[in-house]
Amino acid sequence: MAKLIDRFGREVTYLRMSVTDRCDFRCVYCMSEDMTFLPKEQVLTLEELAFIGETFVDLGVKKIRLTGGEPLVRHNVQQLFRHLGALENLDELTFTTNGSHLSQYATELKESGVKRINISLDSLKADRFKELTRIGKLEKVLEGIDSAIANGFDRIKLNAVILSGRNDDEVLSLLRYALGRGLDISYIEEMPLGAITEHNRGEAFCSSQALRDIISEEFELIPTSENTGGPSRYWRVPGYDSRVGFISPHSENFCDTCNRVRLTVEGRLLLCLGNEHSIDLRSVVRAYPGDKEKLTEAIMQGMEIKPERHYFELENEPQILRFMNTTGG
Ligand code: SAM
Ligand code: SF4
């Protein structure tokens, strides 16, 4: 069976697919308040997304994460979940959500084969949650988390972007919330994607080590070598089932073990989150509908240009002009 191996010998086994650039939130670190979204004809159809996902699985991809934008705002997205969930050689279908529509879809998604979910949660204070997301209602998200727990997914992970002076005082309360419910949690360092106006990214920066120092005041953290196929590095708190992860694109470069590529909803195959190297897969699937060989050729070309690493610098932001919602975070 063909495999996806880049010039540095890294095997690509993980595809993150953005299924929409739209979202019902406007998180301050992710989007600007006024966003212009893509016109429909530039967006891959659900059938095109399914075909591309399937081709990647034929090429040895074992894990697909659907993301966005907010995946659950795309009309009929369940159809894509069902298609990918039925692929025999795919070990894991998962997705990242802001949780606002989760209570409505949790049961159906579980039935389509999703075993793990990531839910973003940056604050447990309703006012602050609204401020950070500009729109979101904390209550709805907590309801979504409860329904995910009730549906018995194998693993649920919370993702929290921590910004100094905005929510760094909630590092411990978010951890207590996760531990109390048997959920994993990952703390994410903010990445300089897209030009945002609300805060200075350099000043808001919180390193993963600073967060571990805060946590160590109340909990013992034991490093582990556990890996879920993503960029998080995990610690454990003795006596609890939860994993505590840190995604540290600035302070702890994780590129040497990179096993992933991203597909934007416009069909751009991005070979690295922090670089613009890409291959246009939309033009291939539209010029040769249903032709797996042509698509495979294009994906293979991507392996030749996957960069060795990213260079994020807080001072010269943003180096990458696309926002996280178009990138497929
Ligand atoms: N809408 C879904 C959600 O919020 O979970 C999925 C898409 S969102 C872009 C995926 C993840 O990226 C979220 O956990 C979000 O917090 C994170 N994110 C967005 N912008 C970011 C940035 N500039 N730096 C770091 N993480 C970011
Ligand atoms: Fe939407 Fe997710 Fe971006 Fe927030 S982080 S604006 S929920 S896509």
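Just so we're aligned: 269 in the working numbering is position 269 of the sequence shown, and the numbers increase by one with no gaps anywhere.
Even glycine gets a Cβ: it sits at the ideal position worked out from N, Cα and C.
**Prompt:** Do you know offhand how far GLU70's Cα is from THR97's?
**Reply:** Between GLU70 and THR97, the C-alpha separation is close to 6 Å.
**Request:** Would you mind working out which of LEU271, ASP168, GLU47, LEU121 sits nearest GLU11, comparing C-alpha positions?
**Result:** The shortest C-alpha separation from GLU11 is found at LEU271.
**Request:** Please report the Cβ distance between ASP154 and LYS115, rounded to the nearest whole angstrom; I am assuming they are in contact, meaning their Cβ atoms lie under 8 Å.
**Result:** Indeed, because the Cβ distance is near 4 Å, the residues count as touching under 8 Å.
**Prompt:** Using DSSP with H/G/I as helix, E/B as strand and the rest coil, what is VAL244?
**Reply:** It is a strand residue.
**Span of the beta strand (DSSP E) around LYS330** = The requested residue 330 does not occur in the structure, where the chain is confined to residues 1 to 329.
**Prompt:** Among all the DSSP beta bridges, which residues are the ones paired with PRO223?
**Reply:** In the DSSP output, where bridge partners are listed per residue, PRO223 has TRP235.
**Message:** Just verifying my parser: in three-state terms, what is the DSSP assignment at LYS125?
**Reply:** In this structure, LYS125 counts as coil in the three-state DSSP scheme.
**Contained beta strand (DSSP E) runs [length at least 3] in the segment 49-117, N- to C-terminal order** = Runs of the beta strand (DSSP E) inside the segment 49-117: 63-67, 92-97.
**Buried versus exposed call for PHE8 [16 or more other C-beta atoms within 10 Å across all chains shown]** = Taking all protein chains in view, the Cβ of PHE8 is surrounded by fewer than 16 other Cβ atoms within 10 Å, so the residue is classified as exposed.
**Asked** What do you reckon, are the CB atoms on LEU263 and MET17 nearer than 9 Å?
**Response** Yes.
**Message:** Which residue marks the beginning of the alpha helix (DSSP H) containing ASP213, and which one marks its end?
**Reply:** Residues 208-216.
**Request:** Tell me whether ASP256 sits in a helix, a strand or coil according to DSSP, three-state version.
**Result:** Helix at ASP256.
**Request:** Taking only the alpha-carbon atoms, compute the straight-line gap between GLU92 and THR55 and give it to the nearest angstrom.
**Result:** CA-CA distance, GLU92 to THR55, rounds to 15 Å.
**Request:** Please check the pair ARG233 and ARG243, which I expect to be a contact at CB under 8 Å, by giving their CB distance rounded to whole angstroms.
**Result:** Incorrect: roughly 10 Å between the Cβ atoms, too far for contact.
**Asked** With 16 as the cutoff for other CB atoms within 10 Å, does ARG65 come out buried or exposed?
**Response** Under this definition ARG65 is a buried residue.
**Prompt:** ILE5 by DSSP, collapsed to three states: which one?
**Reply:** Looking at ILE5 - three-state DSSP - the assignment turns out to be strand.
**Message:** DSSP has MET17 in a bridge; who is on the other side?
**Reply:** The partner list for MET17 (beta bridge, DSSP) reads LEU66, LEU263.
**Item:** Identity of the residue in ARG309, ALA298, PRO289 nearest GLU47 by Cα
**Value:** Residue PRO289 is the option with its Cα nearest to GLU47.
**Item:** Start and end residues, alpha helix (DSSP H) containing ARG282
**Value:** Its alpha helix (DSSP H) spans residues 281-287.
**Helix, strand or coil at VAL12 [DSSP, three-state]** = Per DSSP, reduced to three states, the secondary structure at VAL12 is coil, with no helix or strand assignment.
**Request:** Have a look at GLU315 and ALA204 and give me their C-alpha separation to the nearest angstrom.
**Result:** Unreliable placement is indicated for GLU315, whose pLDDT of 46 sits below 50; the coordinate value is still reported in the next sentence. Inter-residue distance for GLU315 and ALA204 is about 12 Å (C-alpha atoms, whole angstroms).
**Item:** Given 8 Å, three or more beta-carbon pairs between the segment 106-123 and the segment 156-163
**Value:** These segments touch.
**Request:** Going by CA-CA distance only, name the one from LEU84, SER32, GLY239 that's closest to ARG134.
**Result:** In terms of CA proximity to ARG134, SER32 leads the group LEU84, SER32, GLY239.
**Asked** To which residues does DSSP link SER186 through a beta bridge?
**Response** Bridge partners of SER186 according to DSSP: ASN159, GLY245.
**Request:** Take the Cβ of SER283 as the centre, count every other Cβ of all protein chains shown within 10 Å, and call the residue buried at 16 or more, exposed below.
**Result:** Looking at its Cβ environment, which holds fewer than 16 other Cβ atoms inside 10 Å, SER283 is exposed.
**Request:** Please work out which residues of its chain come closer than 8 Å, Cβ to Cβ, to LYS3, disregarding the five sequence neighbours upstream and downstream, and give them in chain order.
**Result:** Counting only Cβ-Cβ distances below 8 Å, and skipping sequence neighbours, we find GLU11, LEU59, GLY60.
**Request:** In angstroms with no decimal places, state the Cα-to-Cα distance between GLY239 and GLU131.
**Result:** Cα to Cα, GLY239 sits roughly 34 Å from GLU131.
**Prompt:** Along the chain, where does the alpha helix (DSSP H) that runs through ARG181 open and close?
**Reply:** Element bounds for ARG181: 171-181.
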